[in-house]
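Residue numbering for the sequence shown follows the numbering used here, beginning at 4 and increasing consecutively.
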Amino acid sequence: MLKRWETIYGIDLGTCNTVIYERDKGIVLHEPSVVAYRQDTQEILAVGASAQAMIGRAPNHVEIAYPLMNGVIANFDLASSMLKHFVQKLQGRGLFRRSSKVYISVPCGITNVQRRAVEETLMQKGMHKPVAVEEPLAAALGAQLPIDEPVGHLVVDIGGGTSQVAIISLGGIVASHTIPRAGMSIDRDIMDYVKRKYNMQIGERTAETIKMQVGSATLSSEERSIEIRGRDLVAGLPRSLRISSKEIFSVIDDYLASLVEAIRATLDQCPPELAGDMVEQGILLCGGGALLEGIDERIRKETGVPVMIAEKPLECTALGTGVLLEAALGMRRSAKAAVKQPVQAAE
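Quick look at the structure:
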């Protein structure tokens with residue numbers, strides 16, 4: 004039985020967003036993985052949603068940074084400060100104060116050095132034994148897939164920094180493929196397109212708004228448009244224009260082609276015994292990219308495999324770490340109960 008002062012967390016530490024699951028409470032935090040700090044003193048000014056609101060609006064002496072890149076920690080100090088802020092926000096004081104267990108998601112295929120960097124970030128803040136779990140595995144658990152059975156499941160996790168494709172069976176990853184392109188790279192592609200075609204510079208948040216409102220993975224008969232504002236690169240003055248969904252489709256199409264190719268490459272590595280399961284079980288889409296309009300239809304059309312979107316695509320990875328936490332807690336209780344049982348005398 005856990006002591007009353009122990010707190011247990013499951014953390015989806017993503018390039019774009021950090022989601023935290025707490026035992027017995029569920030999802031307790033969902034904030035952007037962004038930090039704002041002073042360049043001269045390195046003083047942390049804002050973290051999470053408040054830091055994201057400063058993107059493109061901060062003075063020159065303030066730097067806005069993402070501590071993670073392509074799903075792994077790029078700035079150790081900023082990542083530590085960000086985690087400290089988030090959990091202090093939950094606890095009100097000391098980070099991971101006397102806690103006993105944390106499961107944290109990491110991209111599949113990362114190096115041992117990168118995995119240790121994640122674990123050491125938590126250990127530095129007082130966590131005794133952090134456990135790193137691969138994101139597609141956690142996402143599958145969060146989506147309630149029976150991954151411990153001898154049946155193949157194909158999971159496509161489209162995050163902010165990476166897109167991961169994995170075939171899972173018997174509680175492990177059989178084959179996987181990762182590409183360093185995802186939601187944030189689509190935003191950058193949109194920014195480059197507007198700059199190249201219209202000689203206008205827009206910010207990250209404007210590009211993300213364009214993607215969410217008129218972005219689509221398929222060409223629709225009903226064309227939509229959105230008015231955007233930015234800075235004219237020739238005149239140097241504020242300017243506005245309308246951009247259509249057809250234009251944005253042409254920008255997103257290149258990324259979608261690479262994603263479908265990654266799915267095909269993973270299926271090509273699939274053992275023959277599991278190949279039939281893919282057709283029957285289908286593909287599970289999760290992560291923020293699963294919310295892109297028509298992406299399930301596009302993948303289904305190009306692979307011939309049924310596609311379903313997770314019920315909570317943005318949170319299923321964190322929910323999966325919670326499933327692991329509860330399972331570990333259950334095994335711990337069972338082990339203690341077995342130890343306390345009296346030994347029966349031999350007849």
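Cβ atoms here follow ideal geometry from the backbone N, Cα and C, with glycine treated the same way. Predicted model only: the values in this text are computed from it and were never measured.
Quick check on the DSSP output: what are the complete beta strand (DSSP E) runs of length 3 or more inside the stretch 174–223, in order along the chain?
175–182
So is S179 buried or exposed if we call it buried at 16+ other beta carbons inside 10 Å?
Here residue 179 refers to the residue found at position 176 of the sequence shown. The residue in question, S179, is buried, as its Cβ has 16 or more Cβ neighbours within 10 Å.
Top-ranked residue by Cα proximity to L16, from V326, A321 and L93:
By one-based count along the sequence shown, residue 16 stands at place 13. When each option's Cα is compared against that of L16, the closest is A321.
Can you check whether the CB of V197 is closer than 8 Å to the CB of G233?
Against the sequence shown, residue 233 aligns to sequence position 230. Against the sequence shown, residue 197 aligns to sequence position 194. Yes. Within cutoff.
Tell me which residues share the same chain as Y201 and place their Cβ nearer than 7 Å to its Cβ, disregarding the 5 neighbours each side in the sequence.
Residue mapping note: residue 201 aligns to position 198 of the sequence shown, counting from 1. The residues are L244.
Using a beta-carbon distance below 8 Å, is V109 in contact with chain C?
Structure shown: chain C not included; a single protein chain is present.
So K57 and I67 are supposed to be a Cβ contact under 8 Å. How far apart are they, rounded?
On the sequence shown, position 54 is the one that residue 57 refers to. On the sequence shown, position 64 is the one that residue 67 refers to. Strictly speaking, residue 57 in this sequence is Met, with Lys absent from that position. So it is a contact: roughly 6 Å between Cβ atoms.
Please report the distance separating the alpha-carbon of M85 from that of A39.
Start at 1 with the first residue of the sequence shown, and residue 85 comes out as number 82. Start at 1 with the first residue of the sequence shown, and residue 39 comes out as number 36. CA-CA distance, M85 to A39, rounds to 10 Å.
Looking only at C-alpha atoms, which of R26, V308, V50 and I302 sits nearest to V263?
Position 260 of the sequence shown, counting from 1, holds the residue named residue 263. Cα-wise, what sits closest to V263 is I302.
Residues sharing a beta bridge with Y258, DSSP
Here the question's residue 258 lines up with position 255 in the sequence shown. When beta bridges are read from the DSSP output, Y258 appears opposite no residue.
Can you tell me where the alpha helix (DSSP H) with V3 in it begins and where it stops?
This structure leaves residue 3 out entirely; the chain is present only between 4 and 350.
Leaving out five residues on either side along the sequence, give the residues of the same chain with a beta carbon under 6 Å from the beta carbon of D43.
Taking the first residue of the sequence shown as position 1, residue 43 is located at position 40. Excluding sequence neighbours, D43 sits near nothing in its chain.
Return the residue from the list N78, I193, L125 and G74 that minimises the CA-CA distance to I137.
As a working note, residue 137 is residue 134 in the sequence shown. Looking at the sequence shown, residue 137 is not Ile but Glu. Looking at the Cα atoms, G74 is the closest of the given residues.
Output the residue ranges of the beta strand (DSSP E) runs that lie fully inside the stretch 35–68 and measure 3 residues or longer, sorted by chain position.
38–41, 47–50 and 65–68
Can you pull the DSSP bridge partners for I312?
Reading the sequence shown from its first residue, position 309 is the one you call residue 312. Answer is L288.
Using only the alpha-carbon positions, how far apart do L259 and L295 sit?
The sequence position of residue 259 within the sequence shown is 256, counting from 1. The sequence position of residue 295 within the sequence shown is 292, counting from 1. In a straight line, the C-alpha of L259 is about 11 Å away from that of L295.
Any idea what DSSP makes of A265, helix, strand or coil?
By 1-based counting over the sequence shown, the position of residue 265 is 262. The answer is helix: DSSP assigns A265 an H, G or I state.
Can you tell me the Cβ-Cβ gap for P316 and A293, rounded? I've got them flagged as a contact below 8 Å.
Against the sequence shown, residue 316 aligns to sequence position 313. Against the sequence shown, residue 293 aligns to sequence position 290. That belief holds up - the Cβ atoms of P316 and A293 are roughly 4 Å apart, short of 8 Å.
Kindly indicate the opening and closing residues of the beta strand (DSSP E) around T165.
Translated into the one-based positions of the sequence shown, residue 165 becomes position 162. No beta strand (DSSP E) holds T165; DSSP gives it neither H nor E.
Tell me where the beta strand (DSSP E) around R232 begins and ends.
As a working note, residue 232 is residue 229 in the sequence shown. Where R232 is concerned, the enclosing beta strand (DSSP E) stretches over S228 to D235.
Spatially closest choice to H88 from L157, R119, I107 and S53, by CA coordinates:
In the sequence shown, counting from the first residue as 1, residue 88 sits at position 85. Comparing Cα positions, the closest option is S53.
Distance check for R184 and T18, CA to CA, integer angstroms please.
Here residue 18 is taken as the residue at index 15 of the sequence shown, counted from 1. Here residue 184 is taken as the residue at index 181 of the sequence shown, counted from 1. The straight-line gap from Cα to Cα measures roughly 11 Å.
Residue interval of the beta strand (DSSP E) (run including A135):
Here residue 135 is taken as the residue at index 132 of the sequence shown, counted from 1. Where A135 is concerned, the enclosing beta strand (DSSP E) stretches over P133 to E137.
Per DSSP, V109 forms a beta bridge with which residues?
For the purposes of this step, residue 109 is identified with residue 106 of the sequence shown, where counting begins at 1. V109 pairs with E137.
Residue of H33, L81, I161 and P133 minimising C-alpha distance to L287:
What you label residue 287 is simply residue 284 of the sequence shown in a count that begins at 1. Just measuring C-alpha positions, the residue of H33, L81, I161 and P133 sitting nearest L287 is I161.
Note down the Cα distance separating G13 from G325, rounded to an integer number of angstroms.
On the sequence shown, position 10 is the one that residue 13 refers to. On the sequence shown, position 322 is the one that residue 325 refers to. Distance between the alpha carbons of G13 and G325 is about 5 Å.
Go ahead and label G323 buried or exposed: buried means 16 or more other beta carbons lie within 10 angstroms of its beta carbon, across all protein chains shown.
The sequence position of residue 323 within the sequence shown is 320, counting from 1. Classification for G323: buried.
I need the DSSP call for P241, collapsed to helix, strand or coil.
Against the sequence shown, residue 241 aligns to sequence position 238. If DSSP states are grouped into helix, strand and coil, P241 belongs with the strands.
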